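**Student:** A single structure is presented below for examination.
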Amino acid sequence: MAEGGKRRDGPEDADSMIEWVLANPRMSLWLKNALRSALDQDPFDVLNDLEILKHLSAARCRSALNSYYAEHDCGAVESVDKD
Numbered sequence: 003m004a005e006g007g008k009r010r011d012g013p014e015d016a017d018s019m020i021e022w023v024l025a026n027p028r029m030s031l032w033l034k035n036a037l038r039s040a041l042d043q044d045p046f047d048v049l050n051d052l053e054i055l056k057h058l059s060a061a062r063c064r065s066a067l068n069s070y071y072a073e074h075d076c077g078a079v080e081s082v083d084k085d
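First residue of the sequence shown: 3, per our numbering; consecutive thereafter.
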């Protein structure tokens, strides 16, 4: 945190957060590998790819939930992606 308790968004903070995730044993291997791969890419391209991944993952999650609920007669899932 910077002076006055406000968070700084400089490279040092981003680098510290990345190092923390990579060193944290509770973080998934998938996340760590994705993060390592992203470090070699243009950050704007990474954000675009993450947005696409988010939408595809949300659709896949909706499908899985709808299948589960159909099997258990619980109704359907409207949406898990509000964006």
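Don't be surprised by glycine CBs; every beta carbon is placed ideally from N, CA and C.
Small disclaimer: the values here were computed from a predicted structure and weren't measured.
How should R38 be labelled, buried or exposed, when 16 other C-beta atoms within 10 angstroms of its C-beta is the threshold for buried?
**Tutor:** By 1-based counting over the sequence shown, the position of residue 38 is 36. Flag for R38 reads exposed.
**Student:** Does DSSP put C76 in a helix, a strand or coil?
**Tutor:** Against the sequence shown, residue 76 aligns to sequence position 74. Residue state, collapsed to three classes: coil.
**Student:** My parser needs the alpha helix (DSSP H) runs of 4 or more residues fully inside the stretch 29 to 65; what are they?
**Tutor:** Runs of the alpha helix (DSSP H) inside the stretch 29 to 65: 31 to 40.
**Student:** Quick one: measure Cβ to Cβ for V23 and L33, integer angstroms, because I've assumed they're closer than 8 Å.
**Tutor:** Here residue 23 is taken as the residue at index 21 of the sequence shown, counted from 1. Here residue 33 is taken as the residue at index 31 of the sequence shown, counted from 1. With 8 Å as the limit, V23 and L33 qualify as a contact, their Cβ atoms being about 7 Å apart.
**Student:** For S69 and D42, what's the separation of their Cα atoms in angstroms?
**Tutor:** Position 67 of the sequence shown, counting from 1, holds the residue named residue 69. Position 40 of the sequence shown, counting from 1, holds the residue named residue 42. Those two C-alpha atoms are separated by around 38 Å.
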